[in-house]
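Structure, as structure tokens:
Number of protein chains: 4
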Amino acid sequence: MKVGILGATGYTGIELIRILSKHANAKITYLSSKHFESQLISEVYPGLSGFCDKILEGDDFKKAVAICDVIFSTLPHELTFEVGKMVIDAGKKLIDLGPAFRFDDFNFFKKWYGSNVEIEYDKYHKVYGLTELYREKVKNSQIVGNPGCYPTSVILALAPVLKNRVVVDKNIIIDSKSGVSGAGHEPKFSNLYSECNENTKPYKVAKHRHIPEIEQELSKIMEQDVKVVFTPHLVPMTRGILSTIYCNLESDITLEDVYDLYQEFYKNDYFIKILKPGKYPSTKSVAGSNFCQIGFEIDERTNTLIIISAIDNLMKGASGQAVQNMNLMFGLPENKGLDVIRIFP
Amino acid sequence: MKVGILGATGYTGIELIRILSKHANAKITYLSSKHFESQLISEVYPGLSGFCDKILEGDDFKKAVAICDVIFSTLPHELTFEVGKMVIDAGKKLIDLGPAFRFDDFNFFKKWYGSNVEIEYDKYHKVYGLTELYREKVKNSQIVGNPGCYPTSVILALAPVLKNRVVVDKNIIIDSKSGVSGAGHEPKFSNLYSECNENTKPYKVAKHRHIPEIEQELSKIMEQDVKVVFTPHLVPMTRGILSTIYCNLESDITLEDVYDLYQEFYKNDYFIKILKPGKYPSTKSVAGSNFCQIGFEIDERTNTLIIISAIDNLMKGASGQAVQNMNLMFGLPENKGLDVIRIFP
Amino acid sequence: MKVGILGATGYTGIELIRILSKHANAKITYLSSKHFESQLISEVYPGLSGFCDKILEGDDFKKAVAICDVIFSTLPHELTFEVGKMVIDAGKKLIDLGPAFRFDDFNFFKKWYGSNVEIEYDKYHKVYGLTELYREKVKNSQIVGNPGCYPTSVILALAPVLKNRVVVDKNIIIDSKSGVSGAGHEPKFSNLYSECNENTKPYKVAKHRHIPEIEQELSKIMEQDVKVVFTPHLVPMTRGILSTIYCNLESDITLEDVYDLYQEFYKNDYFIKILKPGKYPSTKSVAGSNFCQIGFEIDERTNTLIIISAIDNLMKGASGQAVQNMNLMFGLPENKGLDVIRIFP
Amino acid sequence: MKVGILGATGYTGIELIRILSKHANAKITYLSSKHFESQLISEVYPGLSGFCDKILEGDDFKKAVAICDVIFSTLPHELTFEVGKMVIDAGKKLIDLGPAFRFDDFNFFKKWYGSNVEIEYDKYHKVYGLTELYREKVKNSQIVGNPGCYPTSVILALAPVLKNRVVVDKNIIIDSKSGVSGAGHEPKFSNLYSECNENTKPYKVAKHRHIPEIEQELSKIMEQDVKVVFTPHLVPMTRGILSTIYCNLESDITLEDVYDLYQEFYKNDYFIKILKPGKYPSTKSVAGSNFCQIGFEIDERTNTLIIISAIDNLMKGASGQAVQNMNLMFGLPENKGLDVIRIFP
């Protein structure tokens, strides 16, 4: 498989390169970068030297689509829509790490992203790429809208109990903590080391653009309209998302029952690790890997189920899941090139 | 004022020394340490050299009470009860940074702390030392049960809306994030640098011993039984607590109204900083200071009020508030020795 | 004293505000900022609210000089030279935190800083503001060239042994480690959290612009031409500089003798802390304070003296020392407003 | 190959498990742990679940040697000597990550490590396992004394210029900065998060036990007695060592010549990355990988060569190099199971 990465020098781009350089079936064929055009990727990131020494090209997306079998895009949505059209026309495949193809309803996308783009959204042959929920559709789609990092950590954590109606549809509170790499590679005041170190802070409270994505998917799982409260926080670490989710229990259920329910729900999912009662996820337990850890606790005093999930935001939350989807789209084992153990300590 | 600190070499102990060494009205007269007995405090912590060079004594608490006007204790509760009795008998004052004197109902304490101690709890002339709520009582008490770090951040954030019944008493969710100094000075695996760095993890989910303290106080404020869900997390920083609190709104209210309500509630409280709508607290904005920042957001989609508070766990969450209480007990201005600006960056 | 700060929103600027807001003899009268002009400083840095709520003005330096008794400048050197002239003409005082006034020989400055400015450098009534070495001159100067952060940590560490010719003038190796705040407040790729965290890296090896400043002063101390090797490194922390310095011993000397020599040399210097043999400095022991810790070891196997010094780069390495100089220039006790204990942990 | 790891739960032990669990030719057959005996390794470290779920056994080293082809030991040297004898007798192989087998002269070992052990040191068929220098001997040895983390970073950096006598043998200054994982997994005050975070500090100045190992090897390379000055520092990060090394140049040589010399010296060494003039190593560029980056600068003003090397202390500095040696001992490609790209960011 010849792969192209459009927008290769952001954190998700270089994570794709890290994974795909060692993927037995992939050959990195095209890399683009607006900021570092004409430089070697291994000059920009010396740690890639010997593994990937390609030139970063500019924005000749047509060429990229022509010479590659699959395109990964980290571009702004306006450009991704263009690339999407080229891919459809050329019978190639596209995995988009941005929001462009994550939605069922285009107006929903336009409202939350403040976009005026006019396209025939339904003509794109696409799927929401949360692999564990849409595995079969991913295999047969041309375009994958790869999920956001927060939605991945949240939807995987909630799917089993919503599907089985163990919890009620009201008062679902999601409190997520992310490492700073999730804020991207842009040089902004708020991303500076001295601003982030020794600092925990919420941002975009109840306004984050991952909310519509979360609600779209939870509503489909529960087959009714679900609304959530979502607060993202930045904590002083580079990688990792920990989501702590609070739901009202519908009925009496033990912690062991909940454990069994999750085990059953994810019994065929290699990358989902359900923790036994008494153990909780931590971001360090999944760092550098594509795994998602899920644990829980029942607060009997308030009849609340507390679900906790941990992922590496650049792996299962972005580039790892993108490659997981690529594997499916090309008939490969889902964990090909991704079967690595977390880094610890 | 002659002050003694029993258990002076833990993080709250040396923070007391840092504050009191520069307090115009206090004279550090007795320091005890089980682990470092007979050493100079400035040998154990060289940064104190020139500011406090006293010898660390052993456990002669009787002597401490005899020669001091006020005792700060960071001892285990069994020992603190003994010291409390000595203080009452001698007509001195005690500020306890542990849980021993925080409760109205001794059985409640015994249940949550698994204690078999038998004492006449009601004979201690004590008050729960959350200064902003109990200022007048603190002035006239012999013993202050200084609040826990999490409860300080939570009760201050919730008091105005519970008192004014702006929110309902159900579904109060508290998600707190603490720096690692909150886990204390003990050498344990879980506190090692390499275990905590790049790691965000929950602990004691729905089981933390600060829950009874929070519920006792919220129930008194609301004049009815209040239960909360509380999840503490460790995040990779040394100082700071950020609590994100979710409540269902009782009725229609604007963000501006909420802001006005908090401003009014805390209008005479020097150390409480209410942030304007659109601004959120961060731990770095209060680091090294005794301030508590409070901000909020309304999620209209779900009719949820989200309250966020930030404190320095060793200052307003422990030693700073202890000195704030000491000032009141001795008729001094509340912010004496505490009026310092946060360290930034 | 009315004080003005030109360039008030960088890290050294807000550190000056932090110190001067609580300085009994200073009144912050003028603040300028190119980036945040017309905003309240307490809007840009909410932690200053209640302590300093002044409007940030633009570049009306003439007004600043007219209404203030002393100006602190963090401006580029071209602008600082202009301000310097205004200050001389108006009979006011200037403390410059940049390199403009640190040099004896203007050509030396121009060469290392690649500057073409033409001014009558000798007409400025100035002094190199390393307080411990130039205390008397500082008292009587109109302009202070406040030392760089690295030079402060290095010159203080070397002065006693160079003055006493305990070490030879060759092979002086300086290996310095700095926190990231030393790289300033500019949003650059290299200062991003995700680039700096978990990363130790050298930069400007043997080329850093603090070299001429170090060599100028060491040469004056030793009364002969001294050259040094200097390598700065960035380590993942916000504040602090640790300099490890290696010199060949001239003759036999014991560690105790070295200790006595330093004690004697700095016997009247409040902010210098000489550590006993066997103890070494650490950045955390001086964080947030104006102290400089100095310790040493003799490697008898190689006849090498290893000197280690630690400062807070924003305090003794910049704004703290600037206020120390201001105190002297206005006849105040040197430690006025600066007598604070380090923050720990 | 059946492998056993004695002392499997320290940081180098679990790093071995991380590598060997994915090594196509290795089968983890025996794990021992004093502290966690009888527990599953995947209970102690949940991130290993699914990759390695073996029971941790006690100290039946005889059994370990009997059922394994190769033993990795992280035990204290007294125990390692016993295991070494068993291995020799049984015709098996041993890779020791401690100091026991790193020395040519047993008295030298005993002096620096304060040991009274009496053994026939010469009867052990052993080699110092710095792979790049002793590749052929490693292939044919039964016992490998795997190098210390600091010595690996230092000897690799100095070998080319000492061998070629580009630098003089005097005044070799080594200033190393290590992440905290190098201090091990023991719960000690000095390793606590709150003590290490925001702290850079030297330790064991001119006294570290890695000095004899460094000097033994440098002396052999240069064929004369070489002494060095060595100062290790702890910096606030988990992984990584950066060594900055200062030498006096013997004669005129350009930076390009130095670059060519290193390229030539290491032309057959997969894991050594020589950086072009103007680029410097950083710990983040090698994190999680087995690579060693080496860069340099010439300070013409002082005729000094500054060499900088970076490794991951747990990989090339310990467990990675141990597996590199294992590969050689069993006729496998040197980079088998180790050919991974650094984690970034």
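Protein chains in written order, with UniProt numbering: chain A, 1 to 345; chain B, 1 to 345; chain C, 1 to 345; chain D, 1 to 345.
Every residue, glycine too, gets a C-beta built ideally from N, C-alpha and C.
So that I know if they touch, is there some Cβ in chain A lying closer than 9 Å to that of residue 97 (chain C)?
For this step, residue 97 (chain C) is matched to residue 97 along the third sequence. By this cut-off, residue 97 (chain C) is not an interface position.
On a Cα-Cα basis, can you pick out the residue from C:92, C:91, C:109 and C:250 that is closest to residue 99 (chain C)?
Counting from one through the third sequence, the residue named residue 99 (chain C) turns up at place 99. Minimum Cα distance to residue 99 (chain C) is reached at C:109.
Is residue 310 (chain D) helix, strand or coil by DSSP?
To locate residue 310 (chain D), count along the fourth sequence from 1; it is residue 310. When secondary structure is reduced to three states using DSSP, residue 310 (chain D) falls in the strand class.
For residue 176 (chain A), which three-state DSSP category applies?
Along the first sequence, read from residue 1 onward, the residue named residue 176 (chain A) stands at position 176. Residue state, collapsed to three classes: strand.
Residues that residue 338 (chain C) contacts on chain B, provided the C-beta gap is smaller than 8 Å:
As a position in the third sequence, residue 338 (chain C) is number 338, starting the count at 1. The contacting residues do not exist; residue 338 (chain C) stays about 12 Å from chain B at best.
Considering only their Cβ atoms, is the gap separating residue 235 (chain D) from residue 284 (chain C) smaller than 9 Å?
Here residue 284 (chain C) refers to the residue found at position 284 of the third sequence. Here residue 235 (chain D) refers to the residue found at position 235 of the fourth sequence. Result no, Cβ atoms of residue 284 (chain C) and residue 235 (chain D) do not sit closer than 9 Å.
Use the C-beta contact count for residue 278 (chain A): other C-beta atoms within 10 angstroms, 16 or more gives buried, fewer gives exposed.
By one-based count along the first sequence, residue 278 (chain A) stands at place 278. With fewer than 16 neighbouring CB atoms inside 10 Å of its own CB, residue 278 (chain A) falls in the exposed class.
Could you have a look at residue 129 (chain B) and say whether DSSP puts it in helix, strand or coil?
Position 129 of the second sequence, counted from the start, is the residue given in the question as residue 129 (chain B). In the structure shown, the three-state DSSP call for residue 129 (chain B) is coil.
Measure the alpha-carbon distance for residue 91 (chain B) versus residue 135 (chain B) and round it to whole angstroms.
Here the question's residue 91 (chain B) lines up with position 91 in the second sequence. Here the question's residue 135 (chain B) lines up with position 135 in the second sequence. Computed Cα separation, rounded: 20 Å.
Apart from the five residues on each side of it in sequence, which residues of its chain come closer than 6 Å, Cβ to Cβ, to residue 26 (chain D)?
On the fourth sequence, residue 26 (chain D) is found 26 positions in, with the first residue counted as 1. Close CB contacts of residue 26 (chain D) within its chain, under the 6 Å cut and outside five residues either way in sequence, are with 1, 3 and 20 (chain order).
With distances taken from CA atoms, which of D:195, D:88 and D:34 is nearest residue 10 (chain B)?
Walking along the second sequence from the start, residue 10 (chain B) turns up at place 10. Looking at D:195, D:88 and D:34, the one whose alpha-carbon comes closest to that of residue 10 (chain B) is D:195.
Which ranges would you report for the beta strand (DSSP E) in the region 81-134 of chain D if only whole runs of at least 3 residues count?
If we require 3 residues or more, the beta strand (DSSP E) runs fully inside the region 81-134 of chain D come out as 93-96 and 126-128.
Could you check where the alpha helix (DSSP H) with residue 39 (chain A) kicks off and where it finishes?
Here residue 39 (chain A) refers to the residue found at position 39 of the first sequence. First-last for residue 39 (chain A): undefined, no H or E at that position.
Complete runs of the alpha helix (DSSP H) confined to the region 311-343 of chain C [at least 4 residues]
The region 311-343 of chain C contains these whole alpha helix (DSSP H) runs: 320-329.
Look at the alpha carbon of residue 340 (chain C) and the alpha carbon of residue 5 (chain A), and state the distance between them as a whole number of angstroms.
Stepping through the third sequence from its first residue, residue 340 (chain C) is reached at position 340. Stepping through the first sequence from its first residue, residue 5 (chain A) is reached at position 5. Straight-line Cα distance between these residues: approximately 53 Å.
Could you check the C-alpha separation between residue 29 (chain C) and residue 227 (chain D) for me, to the nearest Å?
Residue mapping note: residue 29 (chain C) aligns to position 29 of the third sequence, counting from 1. Residue mapping note: residue 227 (chain D) aligns to position 227 of the fourth sequence, counting from 1. Near 58 Å, if we compare the C-alpha coordinates of residue 227 (chain D) and residue 29 (chain C).
Nonlocal neighbours in the same chain, by C-beta distance under 6 Å from residue 75 (chain B), ignoring five residues either side:
If you number the second sequence from 1, residue 75 (chain B) lands on position 75. The residues are 6 and 7.
Based on the DSSP secondary-structure assignment, which residues constitute the bridge partners of residue 293 (chain B)?
Within the second sequence, numbered from 1, the residue matching residue 293 (chain B) stands at position 293. In the DSSP assignment, the residues bridged to residue 293 (chain B) are B:273 and B:310.
Quick one: grab the DSSP three-state call for residue 210 (chain C).
Working through the third sequence from its first residue, we reach residue 210 (chain C) at position 210. Residue 210 (chain C) falls in the coil class under three-state DSSP.
Unbroken alpha helix (DSSP H) run spanning residue 151 (chain D), endpoints
In the fourth sequence, the residue the question calls residue 151 (chain D) occupies position 151. Counted as a single uninterrupted DSSP element, the alpha helix (DSSP H) harbouring residue 151 (chain D) occupies residues 149-163.
How is the beta strand (DSSP E) around residue 145 (chain A) delimited, first residue to last?
Residue 145 (chain A) sits at position 145 when you count from the first residue of the first sequence. Per DSSP, residue 145 (chain A) belongs to the beta strand (DSSP E) from 143-145.
Quick check: the region 128-146 of chain C against the region 234-253 of chain C, are at least 3 beta-carbon pairs closer than 8 Å?
The answer is no - the region 128-146 of chain C does not touch the region 234-253 of chain C, with fewer than three Cβ pairs under 8 Å.
Under DSSP, the alpha helix (DSSP H) around residue 65 (chain D) begins and ends at which residues?
What you label residue 65 (chain D) is simply residue 65 of the fourth sequence in a count that begins at 1. In this chain, the alpha helix (DSSP H) harbouring residue 65 (chain D) covers 61-67.
On the three-pair Cβ rule with 8 Å, is the region 180-192 of chain D touching the region 162-169 of chain D?
Per the Cβ contact rule, the region 180-192 of chain D is not in contact with the region 162-169 of chain D (fewer than 3 Cβ pairs under 8 Å).
Using alpha carbons as the reference points, say which of B:147, B:123, B:115 and B:33 lies closest to residue 320 (chain B).
In the second sequence, the residue the question calls residue 320 (chain B) occupies position 320. Cα-wise, what sits closest to residue 320 (chain B) is B:147.
What's the call for residue 210 (chain D), buried or exposed, on a 16-neighbour Cβ count within 10 Å?
One-based indexing of the fourth sequence puts residue 210 (chain D) at position 210. Residue 210 (chain D) should be labelled buried.
Relative to the alpha-carbon of residue 77 (chain A), which residue among A:65, A:103, A:53 and A:64 has its alpha-carbon at the smallest distance?
Position 77 of the first sequence holds residue 77 (chain A). Nearest to residue 77 (chain A) by alpha-carbon distance, out of A:65, A:103, A:53 and A:64, is A:103.
Cβ of residue 111 (chain C) less than 9 Å from any chain A Cβ?
Looking up residue 111 (chain C) in the third sequence gives position 111. So, not an interface residue.
Taking the continuous beta strand (DSSP E) assigned at residue 4 (chain A), which residues delimit it?
Taking the first sequence and counting its residues from 1, the one referred to as residue 4 (chain A) is at position 4. 2-6 is the extent of the beta strand (DSSP E) around residue 4 (chain A).
Once DSSP output is grouped into helix, strand and coil, what is the label at residue 23 (chain B)?
On the second sequence, residue 23 (chain B) is found 23 positions in, with the first residue counted as 1. In the three-state scheme derived from DSSP, where H, G and I count as helix and E and B as strand, residue 23 (chain B) is classed as coil.
Name the residue from C:15, C:306 and C:220 whose alpha carbon lies nearest to the alpha carbon of residue 204 (chain D).
Locating residue 204 (chain D) in the fourth sequence gives position 204, where the first residue counts as 1. The shortest C-alpha separation from residue 204 (chain D) is found at C:306.
Going by beta carbon distance, what residues of the same chain come within less than 7 Å of residue 160 (chain C), once the five residues before and after it are set aside?
Taking the first residue of the third sequence as 1, we reach residue 160 (chain C) at position 160. Leaving aside the five residues that flank residue 160 (chain C) on each side, the residues in its chain whose CB is nearer than 7 Å to its CB run, in chain order, 261, 262 and 265.
Can you list the residues of chain D that residue 180 (chain B) reaches, using a CB-CB cut of under 9 Å?
In the second sequence, residue 180 (chain B) corresponds to position 180, counting from 1. Simply 192, 193, 194 and 197.
Cut-off 8 Å between Cβ atoms - residues of its own chain near residue 184 (chain A), not counting five sequence neighbours on either side
The residue labelled residue 184 (chain A) in the question sits at position 184 within the first sequence. So the list reads 10, 11 and 191, once near-sequence residues are dropped.
If you count every other CB in all the chains shown that lies within 10 Å of the CB of residue 35 (chain C), and 16 or more means buried, which is it?
Indexing the third sequence from 1 puts residue 35 (chain C) at position 35. By the neighbour-count criterion, in which a residue is buried when 16 or more other Cβ atoms sit within 10 angstroms of its Cβ, residue 35 (chain C) is exposed.
Please look up how many angstroms separate the CB atoms of residue 94 (chain C) and residue 143 (chain C), rounded, as I've assumed it's under 8 Å.
On the third sequence, residue 94 (chain C) is found 94 positions in, with the first residue counted as 1. On the third sequence, residue 143 (chain C) is found 143 positions in, with the first residue counted as 1. With 8 Å as the limit, residue 94 (chain C) and residue 143 (chain C) qualify as a contact, their Cβ atoms being about 5 Å apart.
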